[in-house]
Amino acid sequence: MDKEYVREITSRAEDYSQWYVDVATKAQLMDYAPIKGCMVFRPYGYGIWERIQGALDPRFKATGHQNAYFPLFIPESFLQREAEHFEGFVPEVAWVTRGGGEDLAERLAIRPTSEAMICHMYSRWIQSWRDLPMLLNQWCNVVRWEKATRPFLRTTEFLWQEGHTCHASEEEAEEEALRMLGVYADCLQEDLALAVIPGLKTEAEKFAGALRTYTVEALMSDGKALQAGTSHNLGQFFARVFDILYLDRDGQQKHVWQTSWGVSTRLIGALIMVHGDDRGLVLPPRVAPLQAVIVPIAPQRQREEILAAARELRDTLSGSYRVQLDDREEHSPGWKFNEWEMRGVPVRIELGPRDLAAGRVILVRRDNGEREEASNRGLPGRLGEVLDAVQDSLYRRAWAFTEKSTRVVRDMAAFQATLEQDRGLIVAGWCGDAGCEARIKGDTAATIRCLPLDGVVTPVSSALGEAKGLPCVHCGGRSGRPVVFARSY
RNA sequence: CGGGGCGUAGCGCAGCUUGGCAGCGCGCCUGCUUUGGGAGCAGGAGGUCCCGGGUUCAAAUCCCGGCGCCCCGACCA
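Below, the structure written as structure tokens:
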């Protein structure tokens with residue numbers, strides 16, 4: 001293939017960070033806003049988020065959740081009630097101190113997360129065991145005044161969903177936390193074509209105030225891991241702080257058991273880094289705002305004839321697929337080929353004089369460049385097959401890459417060497433001691449990404465089997481089960 | 001919070017060392033010819049050289065101060 005146009009995008013090998021930013025901007029997913037750490041979601045990038053919402057929201061509904069919306073502002077006194085939990089994120093909170101030209105009597109935090117507000121409301125809404133479980137979710141924005149930001153991965157303001165649930169027992173809360181982790185894993189695999197590793201966070205890595213934090217981790221193509229979603233069993237910490245009590249069947253007042261869980265627009269960063277290549281973005285068909293783009297090749301003489309056929313084709317396909325006809329006159333077909341590849345559209349449909357005469361079109365896959373002819377009659381069905389094949393192929397590729405990039409190591413020398421050469425995921429024994437965990441982090445910058453869940457087949461399954469029974473990689477002490485280490489975003 | 005880079009047309013940059021007409025490429029506008037992997041020609045529009053102060057006959061350029069953005073690292077409940 002002609003790579004001349006790639007001048008627009010830095011290669012991954014040359015500078016991965018620059019490649020990432022090039023893809024995000026040149027594919028027109030985002031642009032930098034004139035506020036530090038803030039970005040604009042351009043229509044194409046926001047379209048991906050809408051597709052992610054479209055994949056997750058029905059799953060939330062199917063598991064009994066409803067959407068609601070809570071205020072952006074949180075009174076300072078609310079946050080102070082959970083002082084212990086709050087202390088850690090004070091430096092990241094933005095405050096509103098004036099309104100209507102006057103100083104406010106009480107400062108308002110711009111939510112960095114909504115536990116405080118939602119728990120306050122729950123304390124009013126929940127009286128009886130009959131009110132449980134309470135299963136709400138909200139799609140919203142949050143603000144965290146981060147010192148270092150990167151498009152999609154960590155920005156001052158970002159979009160996410162946060163589910164907040166209340167239950168009558170610890171068992172129910174645990175079940176819910178795991179159920180939603182499963183929902184994330186399923187959606188990320190099925191729709192985003194990400195190969196994820198569900199697992200438990202260590203005490204050091206868990207959400208403060210949670211009993212347990214679960215995570216889905218994914219490996220990016222530069223060998224660093226990304227926490228793609230989290231689900232917390234919050235126990236009764238917030239219930240005590242906010243007095244969320246219910247009268248049980250036995251006549252006793254009891255605190256509820258809670259969960260919270262979330263994924264954010266960070267997932268778009270994961271899509272870029274898992275599927276993208278040196279030509280730009282590669283989108284899985286199920287979350288691609290555009291699944292196919294029709295590029296007419298229309299010489300002057302047959303111009304109207306070909307454009308009419310292309311419009312008809314678009315109208316036929318648009319009932320079943322997200323398609324766009326690129327009939328811009330100011331660009332050549334070659335220019336369009338390159339641009340739509342850079343923007344990651346899964347399939348390109350070419351329609352030129354030769355195709356028109358033969359009653360067919362040309363289909364070209366973004367992920368592997370394969371081209372094929374499809375008859376007009378068979379096209380609608382064939383396009384669906386090709387899109388499925390792209391979706392499937394991207395998932396398999398992500399899985400294979402993650403599996404190939406996973407190493408079992410037995411000592412710290414091998415640990416260090418692996419990180420320096422390939423990065424990737426490291427499966428090793430760990431004694432469970434926070435001291436060993438901290439020293440490994442200090443020496444290598446790698447953290448325990450998770451303790452993988454039992455009974456879930458993932459790209460690290462065979463490595464976990466191989467590492468079974470290995471002693472702690474740091475102290476040589478007895479280890480429980482092997483864990484996954486990596487450097488991470 | 002530490003390290004590095006940058007700020008000149010919409011974007012990318014040159015010019016700064018050694019002060020002297022504000023330039024180049026892409027993009028944009030108009031017209032014509034083109035269209036199977038980033039078309040060509042002709043004409044045209046577009047500037048607070050980040051901001052403030054200083055030096056000077058003269059500052060994008062030198063000096064002082066400030067602001068902003070990006071990247072890397074640390075931090076990230």
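Residues 1 to 489, numbered by the working numbering, are exactly what the first sequence covers, in order. The C-beta atom is built at its ideal place from N, Cα and C for all residues, glycine as well.
Spatial distance of residue i from residue j (CA atoms)
| i | j | result |
| --- | --- | --- |
| M273 | T25 | 14 Å |
| W125 | D248 | 15 Å |
| E106 | G276 | 47 Å |
| C475 | T418 | 18 Å |
| Q258 | E437 | 28 Å |
| G69 | I244 | In the sequence on display, residue 69 carries Tyr and not Gly. Near 19 Å, if we compare the C-alpha coordinates of I244 and Y69. |
| P284 | G384 | 13 Å |
| A62 | N137 | 13 Å |
| P380 | E373 | 13 Å |
| I268 | F152 | 6 Å |
| G378 | R314 | 14 Å |
| G442 | G435 | 10 Å |
| R423 | S405 | 8 Å |
| G369 | V483 | 38 Å |
| R98 | P75 | 13 Å |
| T202 | G251 | 37 Å |
| R371 | L451 | 43 Å |
| R130 | Q189 | 36 Å |
| Y5 | Y489 | With a pLDDT of only 45 at Y5, under 50, the local geometry of the prediction cannot be trusted, and no value is derived from it. |
| I302 | D22 | A small fix is needed here, since residue 302 is Gln in this sequence, not Ile. The alpha-carbon atoms of Q302 and D22 are separated by roughly 37 Å. |
| Q18 | R150 | 11 Å |
| A298 | G47 | 29 Å |
| M180 | L135 | 11 Å |
| G344 | G280 | 7 Å |
C-beta contact flag for residue i and residue j at 9 Å
| i | j | result |
| --- | --- | --- |
| Y246 | A168 | yes |
| I448 | F415 | no |
| N233 | A185 | no |
| F60 | W49 | no |
| V241 | T230 | no |
| I487 | K224 | A quick correction: the sequence has Arg, not Ile, at residue 487. Contact flag set, yes. |
| L453 | L219 | no |
| S221 | R12 | yes |
| M412 | I9 | no |
| L351 | V386 | no |
| V361 | T402 | no |
| P346 | A292 | yes |
| L159 | C187 | no |
| E175 | S114 | no |
| L226 | I306 | no |
| R348 | F337 | yes |
| A55 | F86 | no |
Closest residue to residue i among the options (Cα-Cα distance)
| i | options | result |
| --- | --- | --- |
| P43 | Q138, A33, L29 | L29 |
| G182 | V456, C436, V40 | V456 |
| A204 | R212, E420, A177 | R212 |
| K36 | S77, R249, E157 | E157 |
| F89 | A417, Q80, M180 | Q80 |
| E146 | L72, P71, C38 | C38 |
| E330 | E305, V295, V345, R360 | V295 |
| Q300 | D315, L132, E373, P353 | P353 |
| D537 | A445, S479, G442 | The first residue shown for the chain is 1 and the last is 489, placing residue 537 beyond what the model contains. |
| I118 | E82, G477, E87 | E82 |
| A288 | A27, D22, Q18 | A27 |
| P91 | A400, L267, A109 | A109 |
| T155 | Y32, G45, H255, S260 | Y32 |
| L132 | E162, W95, A173, D355 | A173 |
| V263 | H164, D388, V96 | H164 |
| R144 | D22, P482, W95 | W95 |
| G239 | E370, D22, S123 | Checking the sequence, you will find Ala at residue 239 rather than Gly. It is S123 whose Cα lies nearest to the Cα of A239. |
| N376 | D327, A389, T316 | T316 |
| I52 | R266, Q18, F207, Y214 | R266 |
| T444 | Q421, T458, L464 | Q421 |
| L72 | E102, R111, Y46 | R111 |
| V282 | A148, R481, F86, Q391 | Q391 |
| C166 | S462, V256, S128, H65 | V256 |
Near the ligand COA: residue i beta-carbon under 8 Å from a heavy atom
| i | result |
| --- | --- |
| R179 | Absence of the ligand COA from the depicted structure is noted, as is the absence of any ligand whatsoever, leaving it without description. |
Next item on the list: Indicate whether the contact test is met: 3 or more Cβ pairs, each with one atom in the segment 191-211 and one in the segment 392-404, closer than 8 Å.
Entry: yes
Notebook entry, point to check: What residue ranges within the segment 307-342 form continuous alpha helix (DSSP H) runs of no fewer than 4 residues, ordered along the chain?
Noted result: 333-342
Margin query: Assess contact between the segment 419-436 and the segment 468-485, defined as three or more Cβ pairs (one per stretch) separated by less than 8 Å. Is contact present?
Written below: yes
Notebook entry, point to check: Of all the beta strand (DSSP E) runs that stay within the bounds of the segment 198-223, which reach a length of 3 or more residues?
Noted result: 212-219
Notebook entry, point to check: Considering only residues of the segment 57-140, which uninterrupted alpha helix (DSSP H) runs meet the minimum length of 4 residues and lie entirely inside it, listed in chain order?
Noted result: 76-81, 83-86, 115-125
Next item on the list: For the segment 229-291, list the beta strand (DSSP E) runs that are entirely contained and at least 3 residues long, ordered along the chain.
Entry: 245-247, 253-255, 257-264
Checklist line | Every unbroken alpha helix (DSSP H) inside the segment 423-483 [4 residues or more] | finding: 434-444, 461-467
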